Amino acid sequence: MTRHHARDNNAEHQVVIVGAGPAGMMLAAELTLADIDVVVIERRPTPALESPRSRGLHARTIEVLDQRGIADRFIAAGTPMQVQAFAGIPLDISDFPTRHPYGLALLQSDFERIMADWIDELGVAVLRRRDVTGFEQHDDHVAVTCADGTALRAEYLVGCDGSRSVIRKTADIDFAGWDPTVCWIHTEVEMDAQPPFGLRGGGGIGPATAGRVGVTLAELDVDNRFSDPTLDDVRAALIHVDGTDYGARNPRFISRFTDMTRQAVTYRSGRVLIAGDAAHVHAPFGGQGLNLGVQDSVNLGWKLARVIRGTSPNTLLDTYEAERHPVAARVMRNTMAQRALQADDERTTALREIVVDLLALDDPRSQLAAMISGLDIHYGPDADHPMIGRRMPDLELTTATGTTRTYDLLHRADALLISLDPSAEPGHATGADRVRRIDATYTGTWELPVVGTTDPPTAVLVRPDGYVAWAVTANATDSDDGLADALSHWFGTANSLAGH
Ligand SMILES: Cc1cc2nc3c(=O)[nH]c(=O)nc-3n(C[C@H](O)[C@H](O)[C@H](O)COP(=O)(O)OP(=O)(O)OC[C@H]3O[C@@H](n4cnc5c(N)ncnc54)[C@H](O)[C@@H]3O)c2cc1C
1 MTRHHARDNN AEHQVVIVGA GPAGMMLAAE LTLADIDVVV IERRPTPALE SPRSRGLHAR
61 TIEVLDQRGI ADRFIAAGTP MQVQAFAGIP LDISDFPTRH PYGLALLQSD FERIMADWID
121 ELGVAVLRRR DVTGFEQHDD HVAVTCADGT ALRAEYLVGC DGSRSVIRKT ADIDFAGWDP
181 TVCWIHTEVE MDAQPPFGLR GGGGIGPATA GRVGVTLAEL DVDNRFSDPT LDDVRAALIH
241 VDGTDYGARN PRFISRFTDM TRQAVTYRSG RVLIAGDAAH VHAPFGGQGL NLGVQDSVNL
301 GWKLARVIRG TSPNTLLDTY EAERHPVAAR VMRNTMAQRA LQADDERTTA LREIVVDLLA
361 LDDPRSQLAA MISGLDIHYG PDADHPMIGR RMPDLELTTA TGTTRTYDLL HRADALLISL
421 DPSAEPGHAT GADRVRRIDA TYTGTWELPV VGTTDPPTAV LVRPDGYVAW AVTANATDSD
481 DGLADALSHW FGTANSLAGH
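When the letters of the sequence shown are read in order and numbered with the working numbering, they come out as residues 1 to 500.
Set out below in structure tokens:
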């Protein structure tokens, strides 16, 4: 399974990915698992990050990593806890039907270090210290250029190059949305005097690593974002909220971020695609950005691999935008709502009190928590069975060789046809030989967050990204009802079979 690619400037690859951040590394892994030759171009000399940025993973991201057999690495490095919150109001998911009913407190720097080790094990080539300056798109390839003169040629180019994406700009894809209304300054500093920890100044002050104090404070002037932040700016923000700068000194880093909320109007221009922050940016409320990017890549990887191999039609790539654009659009709306709830006036305080009361009730709490944790994602329209378009739960199955978990079966990113009723014999449908068939039994319940318990399917077709493409129950008149259509929609026609 593992491929070792030459670590040089080999100019031709099936896919060039720009950016070795969370989205780029996840996509590189997904493509490599599907045996696609990929190279990642990254301007940073090492995987180390200057500022921590994300401080956690949500439940669906932990599940996605579990589907690839690497969740334990992240769990061992972080702290499982109830990290979900809406406008700072905690949302508990410990009652959700998932093997991971929690989030993970984990710095982005640790997340990226573990991902970098994983893609290294997979043999992914990462060309560092290279700044991509642009590309030219041709009928059968994309020509990519770097500032140092490196020239690469690929069948597809994916921009995972963050919010200022050169790839998005060169592809002339509009980044539509809303300008920032606030700019935060963010640092970890040593202090002479100990400040009280807690929320204030549109942000907060709290403990940080190595005895430092973490400071995130809103600045008065949103145009500050155009200049590099200094220690004097940090001191001024502290004096503004607390009347003293506590002798702040020796910052580990100082950065700024805003609530700019923008989304690419399309995620694809011919042979060029974008994912992660290159496709969407928003305020970090609820800690959703990194999670979105990783899941963009898991959605895109198998589709791009199948189109490159010719086992699925080119139109499969369009389902990437169709499925992921609405998910990010919804996150943008919820972060804008969270921003609105942070205004510092009596009317907003009154509204916030009502939201706090509402979120103490089960239904509103689980609705919002399922959205923030990513567990309620539903691709496509409502279908015959509620599982279709939703995440496959991690069930414990009994097979002829023993017990296994559905997520264990997904480690190789295969498509699976799981037959749970030997008498129903699904799989006579045309194309069933295109996916890996598992015969198993399962006696537990089928339960989804928010949706609740569903009719137990007698067979399910699971996509490589862990979403259900088709399901049938014992009540269906034909056990293959709709299976042939689902197989040809997601996994190509009989004529386009090769290599799977
Ligand atoms: C203060 C803050 C707190 C946050 N907290 C959270 C949180 O709690 N949870 C969460 O999920 N998210 C959080 N986020 C968001 C999260 O950090 C981003 O969503 C995430 O990093 C996006 O990943 P990405 O891979 O899409 O882009 P990036 O992480 O931006 O990676 C892009 C990569 O591309 C490289 N690159 C860019 N241009 C080029 C080029 N031309 N040539 C070569 N390389 C290039 C960059 O060096 C970089 O390594 C936070 C963000 C901030 C600012």
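Where is the CB? At the ideal position from N, CA and C, for every residue including glycine. Bear in mind that the values here come from a model prediction, so they are computed numbers and not experimental data.
Residue i (DSSP reduced to helix, strand or coil)
{"i": "H240", "result": "helix"}
{"i": "Q108", "result": "helix"}
{"i": "R513", "result": "Outside the displayed range of the chain (1 to 500) lies residue 513, so it cannot be described from this structure."}
{"i": "F491", "result": "helix"}
{"i": "R7", "result": "Unreliable positioning characterises R7 in this predicted model, as indicated by a pLDDT of 44, which lies under 50. The coordinate reading is nonetheless provided below. Looking at R7 - three-state DSSP - the assignment turns out to be coil, as it is neither helix nor strand."}
{"i": "Y467", "result": "strand"}
{"i": "A61", "result": "According to the sequence as given, residue 61 is Thr; it is not Ala. Helix."}
{"i": "F74", "result": "helix"}
{"i": "P364", "result": "helix"}
{"i": "I438", "result": "strand"}
{"i": "Y102", "result": "coil"}
{"i": "P386", "result": "coil"}
{"i": "P381", "result": "coil"}
{"i": "Q137", "result": "strand"}
{"i": "H13", "result": "strand"}
{"i": "Y246", "result": "coil"}
{"i": "R391", "result": "strand"}
{"i": "A143", "result": "strand"}
{"i": "T443", "result": "coil"}
{"i": "V18", "result": "strand"}
{"i": "L316", "result": "helix"}
{"i": "G149", "result": "coil"}
With 16 other Cβ atoms within 10 Å as the buried cut-off, status of residue i
{"i": "D228", "result": "exposed"}
{"i": "D485", "result": "exposed"}
{"i": "W178", "result": "exposed"}
{"i": "T398", "result": "exposed"}
{"i": "R68", "result": "buried"}
{"i": "N475", "result": "exposed"}
{"i": "M1", "result": "With a pLDDT of only 35 at M1, under 50, the local geometry of the prediction cannot be trusted, and the value read off the model is given with reservation. Exposed, because fewer than 16 other Cβ atoms sit within 10 Å of the Cβ of M1."}
{"i": "T445", "result": "exposed"}
{"i": "N291", "result": "buried"}
{"i": "M81", "result": "exposed"}
{"i": "D362", "result": "exposed"}
{"i": "A193", "result": "exposed"}
{"i": "A498", "result": "The predicted position of A498 is uncertain, since its pLDDT is 36 and thus under 50; no value can be drawn from it."}
{"i": "I36", "result": "buried"}
{"i": "H378", "result": "buried"}
Residue i: first and last residue of the uninterrupted beta strand (DSSP E) it sits in
{"i": "L417", "result": "416 to 419"}
{"i": "Q82", "result": "Segment: none, Q82 is in no beta strand (DSSP E) and carries neither H nor E."}
{"i": "R405", "result": "402 to 405"}
{"i": "H186", "result": "183 to 189"}
{"i": "I254", "result": "254 to 258"}
{"i": "R200", "result": "198 to 200"}
{"i": "V213", "result": "213 to 219"}
Best match in the options for proximity to residue i [C-alpha to C-alpha]
{"i": "T181", "options": "N224, A151, A275", "result": "N224"}
{"i": "S109", "options": "G88, G123, H58, A48", "result": "A48"}
{"i": "I185", "options": "F285, G159, V222, V166", "result": "V222"}
{"i": "T32", "options": "L487, L300, F175, L341", "result": "L300"}
{"i": "H489", "options": "V435, I36, F226", "result": "V435"}
{"i": "I438", "options": "R130, Y407, F253, R390", "result": "Y407"}
{"i": "A210", "options": "L104, A413, V189", "result": "V189"}
{"i": "S420", "options": "R256, L461, A340", "result": "Here residue 420 turns out to be Leu, not Ser, going by the sequence shown. For L420, the nearest C-alpha among the options comes from L461."}
{"i": "I70", "options": "A116, Q84, A105, R43", "result": "A116"}
{"i": "A415", "options": "P422, T401, D433", "result": "D433"}
{"i": "E321", "options": "D455, P456, T454, V265", "result": "V265"}
{"i": "V39", "options": "R339, D174, I173, R130", "result": "R130"}
{"i": "G78", "options": "D95, T98, G103", "result": "G103"}
{"i": "A34", "options": "A218, H411, A176, A440", "result": "H411"}
Contact set for residue i: own chain, Cβ-Cβ below 8 Å, skip 5 residues either direction
{"i": "G482", "result": "D384, W470, V472"}
{"i": "N314", "result": "V307"}
{"i": "L359", "result": "F86, I89, L91, R365, L368"}
{"i": "T403", "result": "E396, L397"}
{"i": "L220", "result": "H240"}
Cβ neighbours of residue i in the same chain (closer than 7 Å, five flanking residues each side left out)
{"i": "V298", "result": "M26, E30, V64, D465"}
{"i": "D296", "result": "A23, A275, G276, A279, R324"}
{"i": "G286", "result": "A85, F86, N334, T335, Q338, I372"}
{"i": "W118", "result": "A29, I70"}
Where the alpha helix (DSSP H) through residue i begins and ends
{"i": "V265", "result": "Where V265 is concerned, there is no enclosing alpha helix (DSSP H), given that its DSSP letter is neither H nor E."}
{"i": "I41", "result": "No alpha helix (DSSP H) holds I41; the beta strand (DSSP E) holding it covers 38 to 41."}
{"i": "L358", "result": "346 to 359"}
Cβ neighbours of residue i in the same chain (closer than 6 Å, five flanking residues each side left out)
{"i": "F18", "result": "Per the sequence shown, the amino acid found at residue 18 is Val instead of Phe. Only I41, V132, G159, D161, I167 meet the Cβ criterion."}
{"i": "E12", "result": "R153"}
{"i": "A171", "result": "S269, V272"}
heavy atom of ligand 2 below 7 Å from residue i C-beta
{"i": "H141", "result": "Ligand 2 is absent from the structure shown, which contains only ligand 1."}
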